[in-house]
Each structure stands twice: as C-alpha cells, then as structure tokens.
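Chains as they are written, first to last, in this note's numbering: chain A, 119 to 411; chain B, 42 to 291.
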Amino acid sequence: MAVEERDPVTGRETTGHEWNGIKELDTPVPRGVLIFLVVTHIWAVGWWFFAPTWPLGSTYTKGLLGIDQRTTVEENLVRAQQARSVWTTRLETEPYETILADQQLMGIVRSTGHQLFGDNCAACHGVDGSGRAGYPDLTDDDWIWGGEPEAIEQTMRVGINTRHPDSRIGQMPAFGRDGILEREHVSNVASYVYSLSNPEYSTPENRERIEAGRTVFADNCAACHGDDATGNREVGAPNLADDSWVYGGDLQTIINSVHGGREGHMPTWDERLSNLDIRTLSLYVYDLGIVGR
Amino acid sequence: MPEFFHRKIERSAIGFVLAIIAAASVGGIVEIAPLFTIDETVEEAPDMRVYTPLELAGRNIYVREGCYACHSQMIRTLRDEVERYGPYSLAVESKYDRPMLWGSKRTGPDLARVGGKYSDAWHVAHLINPRDVVPESNMPAYAFLARTALRTDDLSDHLRAQRRLGVPYTDEMIGNAAADAYGQAAPDSDFAAGVSERYGEATEVSAFDGVASRLTEMDALVAYLQVLGRLTSAAYENTAAPQEAPNPDN
C-alpha cells in the first residue's frame, strides 16, 4: 500500500485503497465542521459541571447551576401569582356585589373566565355556555339550582349527584320504568306538562288527557316541581312551565323523562380548581346569564 | 493533527473495532445509566393503588385503539401546562403503567388528569360521537365500544402478566378479576362489594356506560378514563401549583 501516494489532480493524499483502478481520496473533514465539532464537545464537557448529568450509582451529579425543572416551574407559577395578585386578591376576598359593580375588574373576569370556561366547562356546556341536550344553558335566566353567584359557586364546588359529601342531589324518579305510574298516566302527565309551555296544545280534543295529567301531576310531581310546575331550586327541580329545557321540551322527550327518570351529573370542582378559579368562574357564568338576558 | 490521529487509529484493526464499540455504546449508556438511579428519581406514593381489572381492560382498549397517538398522558413542567391541566406528572404516577402511555403528540388534549373532570355520561356521549358534545372535534367516533361486550375470561391472565412485570396484584385479585370487572360496572350487584374491598373504598363503582346489566368495552374505557390521575395524590403534595389534592372519595 502506497501510503504517501498523492492524487495528481487534487493534490490530496489517497487512502491507499484501490478498486479496479479507482483510488479513494483521503479528504479531511472541512475545517469549519471540525471547529464546530470541537466547540460542541467543549460545551458538552462544560455542561457536565453546570447541569445535572452523570449518574453516580445511587445519585447523580447535580451541577453547579442547580437547575431543576420542577423548581423552575414552581418559581414561574409563584411569580405569575404575584404578578396577578393585584386583582386576584380582590376577586378572592371581596364580596360578589362589589366585584360586579367594578367594570374594570369584571373585564378581567370576562377574559380570565373565558379561558377557564374553555378549559373546564365548555366540553359540556359549549364554548358559549349555551349548553345542549342534557347540559343546561347557562346564558339564559332559567336556573335549576339558583343563578346568583353564590349558588353557582356552590354548584361548582360540590357538583350535582357526585360523591362529594355535600353534593347537590337531584334525582327524577323513573315513574314509568319503575312502575310508579301506569303507561297511560305517564303519557297524560307529559301532555299536561307539554301544554304548560305550548298553550296551542290545549285543544278540546286534548283537554281530557291534559286534565287527567293535571291530577297525576298534583299527586306525583308537584312535591318537587311545585303546584304551578315552576320548579324548586332547593331540590333542583327545573321549571316546567317555561320554554327552557335541559333534556328537550317536545312531547316525546317529556314522556321519556317521566318514564325513565333523569339523574344529571355535574362533576365537583372543589379539588380540581383553586378558590380563585371557582370564584372567577362563578362571576363569569353569572355574567353570561346577564349578557344573555 | 486530527488527520494524523484518524489515520493512525484507522490502521489498527482491533483498536478501530474497540473505538467503534465505545462510540456506539454512548447512546446505550445514556439511556440505561439513569435507570441505576431510579430509586432516587421515582417519588414515594404510599397511597398508590393498582388498576382494577376493569380499568386495566379499558387501558388495553386505549392501547388497542391507538388513543396514545393523539393524546399524551404527561403534563410537563411548564407553567401553561400546569395551569391548564393541573400539577405536572410525576414518575410514580405511571409506576403501574406497563407500558407507559406518556405519548409525545397532542392532537387532542392531555389526559393525565382527566379522571373526574367530566361525567360518565359525557364520556359515553363523546366516545359515541365526539361532535355531539364538542362540535369542533376531529376525533374519530368509537360508537362500537358501546355495542361490544367486554371480554373478561382472560383478565386474570392480564393481571398475572402485570404481576410478572412488578405490579403488586394479589392472588385474590387475580382470582376474582372477571367478577371484579363485572362488579365495578354494576353497583347494585353482589360483585360490587368485592371491588371496594380489594381496591379500596375510593374506587369508583358505577354503571359507566349507563347500562348496569351489560358489561361493554365502553364501561372499561370510561372506567379507565375516570381513574386517570387519581391513583395517587402524590402530585398534589409539595407543589406550588394552585390545585389542592383530589379527595379520592368524590
């Protein structure tokens, strides 16, 4: 092997290998690349001293800078909390009426609340809070458990039909399925309830079933929904005399509700969200109702 | 100088082989060596419980359907993630995840703490057709899960395999796997008590898909989703994150 052989065209040395008369040039790595490689190696070695790197049996080198991502994120969170403390303290401590009267503070509630609502509530109640079948509309003036900020806060904290010790319990029995009412009575009472929000349904030919349904209602439903069917927020019984429905207000859906009962579930947010978040959202949801009115 | 070194080493066959082995093993060492310190890096979580058979079955469905391709289960140590999803994930929280499902891509949101965030009914409606509850969603529909009976005859084997990998399932848990899977989704049945007895009172026993009489894959997947982030409250301790620990009784 001719080690010192040089290629006459480029002047480079060859590797000394030859394949069928073809020789390979021994071109060195370009200088720029080489310098870059050396610098990165030096950087890496330096990093060993400054950042956590090498495992040492039962521990590891912690580095001179003491970098720890968990500490970093917690410092960031604390710093963010401090930066916001000007208004967060007010939101957390001041009564709801004072905050509602302060338009500047309510501006913050609207923007922060919108984020929180999107992350936590929108999956069920919709991005604009208008709800859908099974998930109440939060933008109207019709509330099942109360629409004051305090009531909204309580609903959020304990949830509805959750395992929270103070959970709101709202259970509509399955009058048809569990044999409490006969089939005919179910359909009569549904007709009566339907007629409350649809006066045009009270035609002479329907009168008989509506009147029969009125009796069934008084005996079975009025205890929770009230004699005039306007509901009772103490027990989460919705108003049945208005246009607003959780599960749907057509005759068939009402029959389904009476037959199979309803037991909606709203998660408890007491542990998942901070006090500040819950108060912000209570105000935000209350405000949605006002804007929607 | 570098050229000289290269030339010298290249011309020594054994030396060059050793140099190749040394260079190629760097990647391996970097990945393997941290495992030597695993006792120090994985946190303590005395309250950690294992997945119930139903949750494990749900987890297998999660893997089978490739949910991990779009959903991560790993809240990173970044402020925006902590503020949106809750405390950052700890290694110990996936102690019984074999394999782990941390994932690295989020077409959908992170699911590490989705347990308890929505109702069972929401999960069922969402899996049957995501657009019904989230109009802008591009997640596929998994309606067939509600129609597919859950296979339970091999659940004991699944638990046994997990035990081989270090998950502390007892003989009793393995023996009752199928019954516990049925009981967890049928609150009024005779089998429900065994689930609370073996996996703790905090274990959610519920007709997850809304029908207690029939055990479907929907039951299993919803049971699994509802327990994500709730096997231990370790992440809520010693953290500046604003959230408080979840009360497992709720």
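For each residue, glycine too, the CB sits at the ideal point set by N, CA and C. Owing to the predicted nature of the structure, the values given are computational and were not obtained by experimental measurement.
Sorry if obvious, but does the Cβ on residue 370(A) come closer than 6 angstroms to a heavy atom of the ligand FAD? The ligand content of the structure shown is nil, which means the ligand FAD is not present either.
Buried or exposed for residue 121(B), please, with buried defined as at least 16 other CB atoms from any protein chain shown within 10 angstroms of its CB. Label assigned to residue 121(B): exposed.
CB-CB under 6 angstroms to residue 260(B), same chain, minus the five flanking residues each way: which ones, in chain order? 226, 249 and 250.
Which listed residue (238(A), 264(A), 131(A) and 137(A)) has its alpha carbon closest to that of residue 352(A): For the set 238(A), 264(A), 131(A) and 137(A), the Cα lying nearest the Cα of residue 352(A) is the one of 264(A).
Please identify, using Cβ separations under 9 angstroms, the residues of the segment 214 to 245 of chain A that lie next to chain B, in order along the chain. Among the residues of the segment 214 to 245 of chain A, those with a Cβ less than 9 angstroms away from any Cβ of chain B are 233, 237, 238, 240, 241, 242, 244 and 245, in the order of the chain.
In the DSSP output, what is residue 124(A) paired with across the bridge? Under DSSP, residue 124(A) shares a beta bridge with 131(A).
Could you tell me whether the Cβ of residue 78(B) comes closer than 7 angstroms to any Cβ of chain A? For residue 78(B), the nearest CB of chain A lies under 7 angstroms from its own CB, placing it at the interface with that chain.
Should residue 178(B) be flagged as near chain A, meaning a C-beta pair shorter than 7 angstroms? Not one chain A Cβ lies under 7 angstroms of residue 178(B).
Classify residue 140(A) as helix, strand or coil using the three-state DSSP reduction. Correct three-state label for residue 140(A): strand.
May I ask you to list, following chain order, the residues of the segment 111 to 132 of chain B that have a beta carbon less than 8 angstroms from some beta carbon of chain A? Residues passing the 8 angstroms Cβ filter: 118, 119, 120, 123, 124, 125, 127 and 129.
Nearest-angstrom Cβ-Cβ length linking residue 304(A) and residue 373(A), presumed shorter than 8 angstroms: Correct: roughly 6 angstroms between the Cβ atoms.
Neighbouring residues, chain B, relative to residue 419(A) (Cβ below 8 angstroms): In this structure chain A extends from 119 to 411, so residue 419(A) is not present and cannot be described.
Taking C-beta pairs closer than 8 angstroms, name the residues in chain B that residue 252(A) reaches, listed in chain order. Residues of chain B passing the Cβ test: 162 and 166.
Hey, quick one: how far does the alpha helix (DSSP H) through residue 242(A) stretch, first residue to last? Residues 240 to 243.
Would you kindly work out how many angstroms separate the C-alpha atoms of residue 109(B) and residue 99(B), rounded to a whole number? Distance between the alpha carbons of residue 109(B) and residue 99(B): 13 angstroms.
By the 10 Å Cβ neighbour count, where 16 or more other Cβ atoms means buried, how is residue 222(A) classified, buried or exposed? Residue 222(A) is classed as exposed because its beta carbon has fewer than 16 other beta carbons within 10 Å across all chains shown.
Span separating the alpha-carbon of residue 205(B) from that of residue 350(A): Rounded to the nearest angstrom, the two C-alpha atoms are 56 angstroms apart.
Counting only Cβ-Cβ distances shorter than 8 angstroms, please list the residues of the segment 389 to 407 of chain A near chain B, keeping chain order. Of all residues in the segment 389 to 407 of chain A, 389, 390, 391, 392, 394 and 395 have a Cβ within less than 8 angstroms of some Cβ in chain B.
Pull up the CB-CB distance for residue 190(B) and residue 228(B), whole angstroms please, since I reckon it's below 8 angstroms. The Cβ separation is near 19 angstroms, so there is no contact.
Quick one: using the 10 Å Cβ neighbour count with 16 as the cut-off for buried, is residue 161(B) buried or exposed? Under this definition residue 161(B) is a buried residue.
Which of helix, strand or coil does DSSP assign to residue 185(A)? Here residue 185(A) sits in coil by DSSP.
So which residues on chain A does residue 175(B) lean against when the C-beta distance must stay under 7 angstroms? At a beta-carbon threshold of 7 angstroms, the residues of chain A lying near residue 175(B) are 241, ordered along the chain.
Proximal chain B residues relative to residue 135(A), where beta-carbon distance stays under 8 angstroms: Those within 8 angstroms of residue 135(A) in chain B number zero; the least Cβ separation is about 11 angstroms.
Between the segment 314 to 337 of chain A and chain B, which residues of the former have a C-beta closer than 8 angstroms to a C-beta of the latter? So nothing in the stretch comes that close.
For residue 350(A), the residue or residues it bridges with in DSSP: According to DSSP, which records beta bridges pairwise, residue 350(A) is partnered with 355(A).
Cβ of residue 74(B) within 7 angstroms of any chain A Cβ: Interface residue, yes.
Residue 335(A) - containing alpha helix (DSSP H), residue span: It spans 322 to 338 - the alpha helix (DSSP H) in which residue 335(A) sits, taken as one unbroken run.
Are the Cβ atoms of residue 238(A) and residue 381(A) separated by less than 7 angstroms? Their beta carbons are not under 7 angstroms apart, which means residue 238(A) does not touch residue 381(A) by this criterion.
Top-ranked residue by Cα proximity to residue 297(A), from 376(A), 336(A), 317(A) and 329(A): Out of 376(A), 336(A), 317(A) and 329(A), 376(A) has the C-alpha closest to the C-alpha of residue 297(A).
To the nearest angstrom, how far is the alpha carbon of residue 122(A) from that of residue 45(B)? Each residue's CA atom was taken as its position, placing residue 122(A) and residue 45(B) some 13 angstroms apart.
Can a CB atom of chain A be found closer than 7 angstroms to the CB of residue 183(B)? Not one beta carbon of chain A lies nearer than 7 angstroms to the beta carbon of residue 183(B).
On a CA-only basis, which of 172(A), 400(A) and 282(A) is nearest residue 71(B)? Give me that one, please. Selected option, being the one with the closest Cα: 172(A).
What does residue 63(A) touch in chain B if you count any residue whose Cβ is under 8 angstroms from its own? With chain A running from 119 to 411 in the structure shown, residue 63(A) is simply not present.
Short Cβ contact (7 angstroms threshold) for residue 153(B) with residue 116(B): Yes, they are a contact pair.
Taking only three categories from DSSP, how would you classify residue 282(B)? Only weak support exists for where residue 282(B) lies, its pLDDT of 46 falling under 50; the value from the coordinates is given anyway. Reduced to three states, the DSSP call for residue 282(B) is coil.
Would you decide whether residue 183(A) is buried or exposed? Buried here means 16 or more other CB atoms lie within 10 Å of its CB. Counting other Cβ atoms within 10 Å of its Cβ, residue 183(A) stays below 16 and is therefore classed as exposed.
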